[in-house]
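In the numbering used here, the protein residues as written are 0 to 159.
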C-alpha cells in the first residue's frame, strides 16, 4: 500500500498469518468419519492464537469443538449446547477460568461437565486452587505437549 507521503506500508491479514503458521510445513490430516468422536468440547481462551491452536488440535483428533473468548461467553454457550468437556484458560478478562469452573460446579445443569484448565499460571498454588474450584485436570502452557494434552482429554472423557 502506498501512503499519502509516498511511503510504503505492508498490509497484513492476521487470520491468514495464524492459519499459515498452523499449516506451514504440515500435512493436512483428515479424520475418517469412523474415527470422529461424538464428544463435544468447548475451548475457552481470550487469546485467538491459543484458541485456534487448541481447536485445531482437538478437531484433528476427531472431536467436535466450539470456542468461547472468555468465561462469560462460555457460560452462555453452556446454556445453549451440551458439552462433554470444557477446556479453559484461567487468566481472562470479564470472567476467569477459575470463576467459570466454580459456576459450572455450582449449577446443577453443568455440575458433571469436566473442566480442564490450560494456562500459563504455573505455581503450585495456582494448580491447587484450580483443583479446589473443581477442575478435573490442569496443564501449564509452558510445558504443553500435544500428546499429553490429548491423553489427558481421553482420560477425562472416557474414564469418568
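We treat Cβ as the ideally placed atom computed from N, Cα and C, and that holds for glycine.
Treat the numbers as computed from the prediction; the structure is a model and nothing was measured.
Please name the residue or residues paired with residue 63 in a DSSP beta bridge.
-> 39
Could you check what DSSP says for residue 97 in three-state terms: helix, strand or coil?
-> helix
Residue 35 classed as buried or exposed, judged by whether at least 16 other C-beta atoms fall within 10 angstroms | exposed
With a cut-off of 8 Å on the beta carbons, I'd call residue 129 and residue 97 a contact; round off their distance for me.
-> 7 Å
Pull up the CB-CB distance for residue 121 and residue 139, whole angstroms please, since I reckon it's below 8 Å.
-> 4 Å
Euclidean distance between Cα positions of residue 144 and residue 137 | 13 Å
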